[in-house]
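Inspection log for the structure reproduced underneath, given as structure tokens.
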Amino acid sequence: MSRTLTILSFAALAMIQMKPGLPEVRGETVGPEPLPPQGPRPPWTCRADRTGRPQNDQGLGLVDLTLWDPEPEAPPTVEEERFAPALNKLCSSDLSYQRSNQYARWILEASRRFDVDPFLLASLVFQQSRCVSQRKSSTPAIGLAGIDVAMHAPFLHNGRYSYWIKEGQEWLPRELDVSDVLASPQDIRQDKVNLFFAAALMRVYRQQCPDIDGAFRSVPHRHYVSHMIWGDRVVETDAEDRVLRTRRAIIEYYEASAPLARARWKTVDLVCPLDGCPRKITGVLGDIRDAGKRAHKGVDFVSILGEPVRAIADGWIVYAGVDAPGAGARKVTLDKSGSIRKNSMGPGGLFVQIQHKDGLQSEYMHLLNYLVKIGQWVKAGEIIGHVGDTGIKVDAPHLHLQLRENGEIIDPMVPLGPYLIPPQATYRGQRVMDAVPARWRETRRR
198 MSRTLTILSF
208 AALAMIQMKP
218 GLPEVRGETV
228 GPEPLPPQGP
238 RPPWTCRADR
248 TGRPQNDQGL
258 GLVDLTLWDP
268 EPEAPPTVEE
278 ERFAPALNKL
288 CSSDLSYQRS
298 NQYARWILEA
308 SRRFDVDPFL
318 LASLVFQQSR
328 CVSQRKSSTP
338 AIGLAGIDVA
348 MHAPFLHNGR
358 YSYWIKEGQE
368 WLPRELDVSD
378 VLASPQDIRQ
388 DKVNLFFAAA
398 LMRVYRQQCP
408 DIDGAFRSVP
418 HRHYVSHMIW
428 GDRVVETDAE
438 DRVLRTRRAI
448 IEYYEASAPL
458 ARARWKTVDL
468 VCPLDGCPRK
478 ITGVLGDIRD
488 AGKRAHKGVD
498 FVSILGEPVR
508 AIADGWIVYA
518 GVDAPGAGAR
528 KVTLDKSGSI
538 RKNSMGPGGL
548 FVQIQHKDGL
558 QSEYMHLLNY
568 LVKIGQWVKA
578 GEIIGHVGDT
588 GIKVDAPHLH
598 LQLRENGEII
608 DPMVPLGPYL
618 IPPQATYRGQ
628 RVMDAVPARW
638 RETRRR
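Residue numbers for the sequence shown, in the numbering used here: 198 to 643.
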């Protein structure tokens with residue numbers, strides 16, 4: 198069997214990970230249809246997102262929302278001494294230890310004040326601002342939680358936030374007292390006030406969702422946190438997926454437990470290479486590249502620049518270096534890895550290879566940096582580098598992962614399936630599937 202056919206046959210196995218019966222999406226559709234109008238007409242003007250953020254242009258929302266596992270419960274008691282390091286680990290180099298302690302204290306105080314999940318609030322902050330204050334943002338999204346001040350200012354009067362909840366067939370007015378933290382909408386630019394007001398809005402949306410979904414024709418979604426991003430009318434679901442993925446990660450950091458292996462290759466226990474699994478995949482083994490001139494040799498994870506990359510199993514570092522154009526892999530010592538110019542790298546960029554038992558080898562590409570050296574022993578779950586964009590020409594930063602058995606390419610979707618959401622499960626993935634030539638599409642459908 199030729200190498201290309203081997204790659205394609207393994208790529209077809211990716212379809213096994215999908216639930217049957219997912220509807221196909223044709224044409225330019227990149228997301229679900231809005232819900233039909235439901236219930237009595239709301240007595241207020243739709244709080245609509247005015248930040249100018251892209252609306253569903255990526256189509257990374259899932260066609261079947263039940264593919265997600267239930268989200269983990271937050272610990273019943275949250276200790277600041279453990280929460281602050283978890284927040285610092287999430288925000289990484291963007292947040293000093295002193296500031297992470299300050300933010301952690303405010304997040305916990307705000308969460309207690311308005312009875313909301315502190316892990317969810319912290320995750321929203323990370324996704325909206327990467328934990329960096331935006332007092333002088335050029336968009337209407339202000340502060341750590343990215344609050345659209347113009348959206349909410351009409352509902353703020355004398356330290357009270359006005360909203361409505363549905364009981365039976367009526368919308369009944371309610372007010373939430375925020376006078377102790379917010380005197381005017383301009384105060385939202387202050388970090389502490391921003392976090393407290395975000396917690397207050399989370400409480401409001403939790404009470405209003407799902408009744409406002411049908412009232413304003415949102416698309417189907419899983420969690421009220423979508424409204425913190427889009428307002429009354431949710432237009433896509435990938436944003437909430439990112440927040441909930443981050444929440445899974447910070448809970449993992451808070452609990453500080455060893456990664457749990459939920460996958461296996463022969464006798465090798467495997468952990469997820471990124472935190473907050475399961476994770477969405479945008480490219481699989483066998484995807485066409487360069488107009489059909491070559492086939493993709495691994496899987497691409499939807500990732501964030503700088504997030505930690507972990508060894509999927511115990512093993513020895515057998516390579517740490519750079520993909521050099523025309524010269525193949527070139528070993529680079531750890532102290533010099535940061536000095537290599539991006540435009541001098543080949544498609545793989547900075548990458549690391551690990552040799553595991555049973556002939557299994559894992560390769561991690563496009564890294565921002567790596568923290569290991571050849572000959573080093575690493576444990577499953579140990580951080581070996583960070584997600585980057587080295588070697589990438591047009592795509593966003595992401596982790597590319599390849600697996601080999603005794604030198605032959607194997608499909609990561611098979612052994613790592615419990616950690617991965619295949620691309621065909623998203624609207625974008627189905628559009629891509631429809632766009633590829635029939636001979637490639639039929640090969641992958643088999």
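C-beta atoms are modelled at their ideal positions from N, C-alpha and C, and glycine is treated no differently.
Return the CA-CA distance between Asp266 and Glu437, expressed in angstroms with no decimal places.
14 Å
Within 10 angstroms of the Cβ of Thr623, are there 16 or more other Cβ atoms? Answer buried if so, exposed if not.
buried
CB-CB under 8 Å to Val222, same chain, minus the five flanking residues each way: which ones, in chain order?
Here the model assigns Val222 a pLDDT of 35, short of 50, so the residue's position is not dependable, and the following value carries that caveat. Only Val260, Tyr624, Gln627, Arg628, Asp631 meet the Cβ criterion.
How is the beta strand (DSSP E) around Val496 delimited, first residue to last?
496 to 499
For the structure I just gave you, are there three or more beta carbon pairs, one from the region 458 to 467 and one from the region 492 to 508, closer than 8 Å?
no
Bridge partners - Trp303, DSSP secondary structure assignment
Paired residue(s): none; Trp303 is not in a bridge.
In its own chain, which residues sit with a C-beta less than 7 Å from the C-beta of Val329, not counting the 5 before and 5 after it?
Asp291
Closer than 6 Å by C-beta to Asp374: which residues in its own chain qualify, once you throw out the five before and the five after it? Chain order, please.
Arg357
Segment contact, 8 Å Cβ cut-off, at least three pairs: the region 600 to 613 with the region 561 to 581
no
Is it right to say Pro229 is buried, meaning 16 or more other beta carbons lie within 10 angstroms of its own, or is it exposed?
buried
Can you give the beta carbon distance from Ile448 to Phe323, rounded, assuming they're within the 8 Å contact cut?
That belief does not hold up - the Cβ atoms of Ile448 and Phe323 are roughly 13 Å apart, past 8 Å.
Identify every residue that forms a DSSP beta bridge with Ile589.
DSSP, once it has assigned bridges, lists no residue as partnering Ile589.
Quick check on DSSP: helix, strand or coil for Arg459?
coil
Nearest-angstrom Cα separation, counted from Val481 out to Val346
41 Å
Are the region 504 to 518 and the region 421 to 440 in contact at 8 Å, needing three or more beta carbon pairs?
no
With a cut-off of 8 Å on the beta carbons, I'd call Gly545 and Glu602 a contact; round off their distance for me.
Not really, about 20 Å apart at Cβ, beyond 8 Å.
Can you tell which of Asp246, Val378, Lys576, Gly411 has its C-alpha closest to the C-alpha of Asp466?
Lys576
Could you tell me whether the region 500 to 512 touches the region 561 to 574, where touching means 3 or more Cβ pairs closer than 8 Å?
yes
Reference Thr242; option with closest CA among Leu305, His349, Tyr300:
His349
By Cβ distance, which residues of its chain are closer than 8 Å to Leu232, with the 5 residues on each side in sequence left out?
Asp410, Gly411, Arg414, Ser415, Val416, Pro417
Mind checking whether Glu277 and Arg302 have CB atoms under 8 Å apart?
yes
Around the Cβ of Ser308, are there at least 16 other Cβ atoms within 10 angstroms (buried) or fewer (exposed)?
buried
Minimum C-alpha distance to Ser297 - residue among Phe280, Ile339, Leu600:
Phe280
Going by Cα to Cα distance, which pick from Cys469, Leu564, Ser293, Gly473 is closest to Gly503?
Leu564
Between the alpha carbons of His420 and Ile618, how many angstroms are there, rounded?
19 Å
Do the CB positions of Tyr616 and Cys474 come within less than 8 Å of each other?
yes
Cutoff 7 Å; reference Lys477; Cβ partners in own chain excluding five residues on either side:
Leu257, Val499, Ile618, Thr623
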